[in-house]
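Structure first, commentary second.
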Amino acid sequence: MTHAPKPSSLAPDQTDGLEGIVVAHTQLSHIDGTKGRLIVKGVPVEDLAGEMCFEDAVAHLWAGQVDEDRAEPSLQPVFGKARQSAFSVVPTLLSCRQEPLSRMDRLALGLAALPITPDMPESIQITGAFPVLVSAAARIASGQDPVKPDPSLSTAADFLRMMTGAKPEQWAIDGLNRYLVTILDHGLNASTFTARVVASTRADVKYAVLAALGALSGPLHGGAPGPVLDMLDAVGSPDNAEKWISERLSGGHRLMGFGHRIYRTRDPRADVLKSGLRALAKTERLILAEAVEEAALRGLKAAKPNRQIDTNVEFYTAVLLDALGIDRTLFTPLFAMGRVAGWCAHTAEQKRTGKLIRPSSVYVGPMPDL
Ligand code: ACO
C-alpha cells in the first residue's frame, strides 16, 4: 500500500533550475546580469573580441589553469599539431558516412573516437581537434571528403580552409576569430556546469566535454541560432517584422535569440558580434535583423511586462555566422568549437579546487505504509 504524493508538493520551489544558487567559485569568467557585463579573467569581453585571435584568448583564459608546462608562447603551433593528430579519426567518421546522423552526432562520434596521447595535455588535444571534427562532420554530411589540416595556419584560417577547400579571405578569418573569442567562456551556463559535474567525478576531460556537448545541443542553450535564422527567413522583410513577431508571441511561442537566465539587460556579446557584422558590411541582412530585434523587444515588453527579456548572444551569432557562409546546421557545432576552451578550463579548475558535485533532492513520490 502506498500514498500518492500531494499535488502541491510537486510545485517548483526556490531551487528550481538552481537559479541564483552558487555551486562553484571560479577565476575564469564573471557575468554582471544587471549591468550587462561579461569579464573573462579580468578583461571585458569587448576588449578581447576583435583584439585577440582565438589562440591568444584561449591562452589568456587557460593561464594558470591548463597547460602550465607549455614552453611556446603561442598556442598556434600546438593546436596545429593537435589538428594533425585529430585527422586520424576521419576513417571512423567515414565508416558512418551513410548513417542518418546530424552534424552534432558526427562531432560527438569523432570526439569519442579521438585517441588521447601522452605527449600533449588532453585539453590541447581536444580543443585543437574541434575544427577538424566539425569541418569533417560537415563535409561528410554533405557528401564531400574531409580536407586535411594545415598545421602552419591559425585555428580560424585552417577551419575555414578545411570547410571549403579554398584559402579563406582575411575578413572571414577576422569574423570567425571575433565569434570564437566572444563565446569562449560564460560563467556557469548549463553546458559548463555539466562539464564541471562530470569533472568532479575525476573523469577524463574528453567525457566532461562530451557531456557538455549534449547539454549545448538543446534549443534553450546552444541550439537557438539556427532557429533565429529560420525566424529571419520567415519574416522576410523589415516591414513584416512587427506583424510576424506579434503573431508568434500571441501564439505563445518563445522568440529564439531573446531572454537569458542571468542577464536582465542586453547580453554584451550581442553588441560585440553586431559590431563584427558592421565590419563585414553585410548590410541587407543586418537591416532585417535590426528590424526584427526592435519588433521583438517591443513585443516582449508588451507580452511579458514583468520580465525584462532582451537580446542574447544567439541572435547576432546567427547573423554573423550566416555572413561567414556557415550553414545553419553547423551553428551549434561551431559554438562548441569556441566554448570547448571554456569547458576545458572549468574542468581543470573543478579538478584542482572542487569536490564531487552531488546535490540532494526532495522526494515527493509515494511512500510505503510503515
Ligand atoms: N520569448 C518569449 N517568452 C520568453 C522568452 C522568449 N525568448 N524568454 C523567456 N520568456 C518568458 C517565458 O515564456 C516565461 O513566461 P511565463 O512566466 O509567462 O511562463 C518567462 O519569460 C520566464 O521564462 P523562463 O524560461 O523561466 O526564464 P529563464 O530565465 O529560465 O529563461 C531562456 C532563459 C531559457 C534562455 C529563455 O529566455 C528562452 O527560452 N529564450 C529563447 C531561447 C534562446 O534564445 N536560448 C539561447 C540562450 S543564450 C545561450 O544559452 C548561449
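Numbering (this note's numbering), first residue to last: 14 to 383. Cβ atoms here follow ideal geometry from the backbone N, Cα and C, with glycine treated the same way. A quick note: this is a predicted structure, and the numbers were derived from the prediction, not measured.
Check, Outcome
"With DSSP collapsed to three states, give me the class of L337.", "coil"
"If contacts are defined as beta-carbon pairs under 8 Å, then K364 and R215 qualify, I think. What distance do you get, rounded to the angstrom?", "7 Å"
"Helix, strand or coil, according to DSSP, for I381 in the structure here?", "Correcting the residue identity first, residue 381 is Pro in this sequence and not Ile. Strand, per DSSP."
"Name the residue from R174, T195, L197, A72 whose alpha carbon lies nearest to the alpha carbon of I186.", "R174"
"Which whole-angstrom value is the C-beta distance of A142 and R96, which I expect to be below 8 Å?", "7 Å"
"Taking Cβ to Cβ, would you say G239 is nearer than 9 Å to A151?", "no"
"Closest to V79 by C-alpha separation, out of Y376, P379, A354, would be which residue?", "A354"
"Would you call the CB atoms of S213 and I370 closer than 9 Å?", "yes"
"Examine the ligand ACO and report whether any of its heavy atoms sits within less than 8 Å of the Cβ of M269.", "yes"
"Counting only the same chain and skipping the five closest in sequence on each side, list residues whose C-beta sits under 7 Å from that of A237.", "M269, G270, E327"
"Taking contact to mean at least 3 C-beta pairs separated by less than 8 Å, is the stretch 157-170 in contact with the stretch 96-114?", "yes"
"In or out: M14 buried (at least 16 other Cβ within 10 Å) or exposed?", "For M14, the predicted model reports a pLDDT of 48, less than 50, meaning its position is unreliable; a value from the coordinates is still stated below. Per the 10 Å Cβ criterion, exposed."
"Could you have a look at A62 and say whether DSSP puts it in helix, strand or coil?", "strand"
"Regarding L173 and the ligand ACO, is the C-beta to nearest heavy atom distance less than 8 Å?", "no"
"Assuming L229 contacts F67 under a Cβ cut-off of 8 Å, what Cβ separation, rounded to an integer in Å, is found between them?", "At roughly 18 Å, the Cβ-Cβ gap does not stay under 8 Å, so L229 and F67 are not in contact."
"In three-state DSSP terms, what is T324?", "strand"
"Examine the Cβ distances between the stretch 294-313 and the stretch 215-226 and report whether three or more of them are shorter than 8 Å.", "no"
"Grouping DSSP H, G and I as helix and E and B as strand, with all else coil, what is F344?", "helix"
"Can you determine whether any heavy atom of the ligand ACO sits closer than 8 Å to the C-beta of E327, and answer yes or no?", "yes"
"Report the rounded CA-to-CA distance for P20 versus G272, giving the unit in angstroms.", "A caution first: P20 carries a pLDDT of 46, below 50, which makes its placement in the model too unreliable to give a value."
"Excluding the 5 residues flanking R291 on each side, which residues of the same chain have their C-beta closer than 8 Å to its C-beta?", "L299"
"Is P318 near the ligand COA - that is, is its Cβ less than 8 Å away from at least one heavy atom of it?", "Annotation note on the ligand COA: not contained in the displayed structure, which lists the ligand ACO as its ligands."
"Let me check one thing: in DSSP terms, what residues is F271 bridge-paired to?", "T324"
"Looking at C-alpha atoms only, which residue of S87, N202, W75, S373 is the closest neighbour of I275?", "N202"
"Can H199 be considered in contact with the ligand ACO, in the sense that its beta carbon sits closer than 8 Å to one or more heavy atoms?", "yes"
"Ends of the alpha helix (DSSP H) at I139?", "135-154"
"Taking the alpha helix (DSSP H) that S42 falls in, what are its first and last residues?", "Element bounds for S42: not the alpha helix (DSSP H) but the beta strand (DSSP E), 42-45."
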